[in-house]
Ligand SMILES: NC(=O)c1ccc[n+]([C@@H]2O[C@H](COP(=O)([O-])OP(=O)(O)OC[C@H]3O[C@@H](n4cnc5c(N)ncnc54)[C@H](O)[C@@H]3O)[C@@H](O)[C@H]2O)c1
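In my numbering, the protein residues as written are -15 to 334.
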């Protein structure tokens, strides 16, 4: 299967490209980036494909069956929609888009074309997350009434003043960048319950005074002090669903001293803490005593799982749990959190 990678930056090089290279069915025909050196560097590094700067060139090639969209969020919807309309199957990085309305446009194009549109909610291919889902589906936790989500870092604002902190490019900050993963895990593990109400507040506090933001390291590039910082660096929210109530506390930067990155699934029979990106611990009772245990298992590379599943679903037509139809719910929820924060009131979703 001939594929193309559009956007040859961090996530393309860390995950998509190496995973396609290891997939026996896939062959990368194009590396596309508006920065020509990045596309050319990929051709040289991986020893295959052609470097192009304009993604329309990729879409015009009838041999290309599938594309990965690994660009900043502002062009997710336009590239994904153009690709679908050109008859390509698409794996678009998370978040689906900057705002819910763009995600809806993407879903509409998917429905009209019938091509695959999956979003890079890679945790749906994570072995820890899938084991938790299995525990929940088997009723081991009983009824889950509450899920507590914490994705708080001490100092982790990415590329201050760059794409990640510019609302017009990213659509938002800590919530849309990190929260999307956590909220998606909750929805997936809890069977994608219908969301009823959303109340949230977002804050842009620690990064706003860019010159005085104290930090020890910075991912996504060095600060651009003449750049833009107009996104949330922390968020809190309460989401009522037809299943559990979800409380959310997230931050790229907060004066808390150390990172707190986990999800607590609280059931009446047992609870589970997912140590984000790692294993999980089960808390329950046994013979009248309190017990806890941390299952040991081999964690496969979840990006490889995601790419393998994408290539397979293009061939088989199988609908994956990362399909736009499921991910759209998280896009709506995040939009409602942002709307609630802006209007300082609860949002009721029909
Ligand atoms: N799944 C994950 O855990 C994960 C992790 C990191 C990033 N991401 C997502 O991946 C996306 C990219 O993030 P990144 O950190 O790799 O960013 P990046 O800036 O390192 O790379 C993006 C690349 O896209 C290129 N680009 C921009 N517009 C383009 C266009 N119109 N056509 C072709 N190329 C274009 C840029 O020149 C750049 O090289 C974001 O949406 C981000 O949220 C996901």
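We put the beta carbon where it would ideally sit given N, CA and C, even for glycine.
Using DSSP bridges, identify the partner residues of residue i.
{"i": "residue 259", "result": "246"}
{"i": "residue 128", "result": "251"}
{"i": "residue 133", "result": "232 and 247"}
{"i": "residue -10", "result": "16 and 53"}
{"i": "residue 331", "result": "182"}
{"i": "residue 307", "result": "102"}
{"i": "residue 273", "result": "270"}
{"i": "residue 218", "result": "187 and 235"}
{"i": "residue 139", "result": "237"}
Ligand 3 and residue i: does any heavy atom of the ligand fall closer than 8 Å to the residue's C-beta?
{"i": "residue 22", "result": "Ligand 3 is not among the ligands present in this structure, which contains only ligand 1."}
Measure the alpha-carbon distance for residue i versus residue j and round it to whole angstroms.
{"i": "residue 154", "j": "residue 256", "result": "32 Å"}
{"i": "residue 324", "j": "residue 14", "result": "42 Å"}
{"i": "residue 315", "j": "residue 272", "result": "43 Å"}
{"i": "residue -8", "j": "residue 196", "result": "32 Å"}
{"i": "residue 331", "j": "residue 76", "result": "28 Å"}
{"i": "residue 217", "j": "residue 47", "result": "43 Å"}
{"i": "residue 78", "j": "residue 57", "result": "8 Å"}
{"i": "residue 149", "j": "residue 208", "result": "10 Å"}
{"i": "residue 50", "j": "residue 74", "result": "6 Å"}
{"i": "residue 176", "j": "residue 183", "result": "19 Å"}
{"i": "residue 33", "j": "residue 12", "result": "6 Å"}
{"i": "residue 333", "j": "residue 194", "result": "36 Å"}
{"i": "residue 164", "j": "residue 37", "result": "29 Å"}
{"i": "residue 219", "j": "residue 167", "result": "13 Å"}
{"i": "residue 192", "j": "residue 211", "result": "11 Å"}
{"i": "residue 82", "j": "residue 88", "result": "11 Å"}
{"i": "residue -14", "j": "residue 63", "result": "18 Å"}
{"i": "residue 178", "j": "residue 227", "result": "7 Å"}
{"i": "residue 119", "j": "residue 268", "result": "13 Å"}
{"i": "residue 112", "j": "residue 92", "result": "32 Å"}
{"i": "residue 300", "j": "residue 307", "result": "14 Å"}
{"i": "residue 25", "j": "residue 270", "result": "57 Å"}
{"i": "residue 298", "j": "residue 241", "result": "45 Å"}
{"i": "residue 213", "j": "residue 189", "result": "10 Å"}
{"i": "residue 137", "j": "residue 199", "result": "12 Å"}
{"i": "residue 96", "j": "residue 309", "result": "13 Å"}
{"i": "residue 253", "j": "residue 130", "result": "13 Å"}
{"i": "residue 160", "j": "residue 287", "result": "20 Å"}
With a 10 Å radius around its C-beta and 16 neighbouring C-beta atoms as the bar for buried, classify residue i as buried or exposed.
{"i": "residue 250", "result": "buried"}
{"i": "residue 122", "result": "exposed"}
{"i": "residue 262", "result": "exposed"}
{"i": "residue 338", "result": "Residue 338 is absent from the structure shown; the chain starts at -15 and stops at 334."}
{"i": "residue 186", "result": "buried"}
{"i": "residue 259", "result": "exposed"}
{"i": "residue 246", "result": "buried"}
{"i": "residue 321", "result": "buried"}
{"i": "residue 9", "result": "exposed"}
{"i": "residue 80", "result": "buried"}
{"i": "residue 319", "result": "buried"}
{"i": "residue 19", "result": "exposed"}
{"i": "residue 44", "result": "exposed"}
{"i": "residue 98", "result": "exposed"}
{"i": "residue 40", "result": "exposed"}
{"i": "residue 239", "result": "exposed"}
{"i": "residue 86", "result": "buried"}
{"i": "residue 142", "result": "buried"}
{"i": "residue 201", "result": "exposed"}
Over what stretch of residues does the beta strand (DSSP E) that includes residue i continue unbroken?
{"i": "residue 67", "result": "First-last for residue 67: 60 to 69, but that is the alpha helix (DSSP H), not the beta strand (DSSP E)."}
{"i": "residue 230", "result": "229 to 235"}
{"i": "residue 13", "result": "11 to 16"}
{"i": "residue 101", "result": "101 to 103"}
{"i": "residue 75", "result": "73 to 76"}
{"i": "residue 270", "result": "264 to 270"}
{"i": "residue 180", "result": "179 to 187"}
{"i": "residue 300", "result": "Premise fails: residue 300 lies in the alpha helix (DSSP H), 286 to 300, not in any beta strand (DSSP E)."}
{"i": "residue 35", "result": "34 to 36"}
First and last residue of the alpha helix (DSSP H) that includes residue i?
{"i": "residue 173", "result": "164 to 173"}
{"i": "residue 119", "result": "111 to 121"}
{"i": "residue 83", "result": "First-last for residue 83: undefined, no H or E at that position."}
{"i": "residue 43", "result": "39 to 43"}
{"i": "residue 4", "result": "1 to 6"}
{"i": "residue 153", "result": "151 to 154"}
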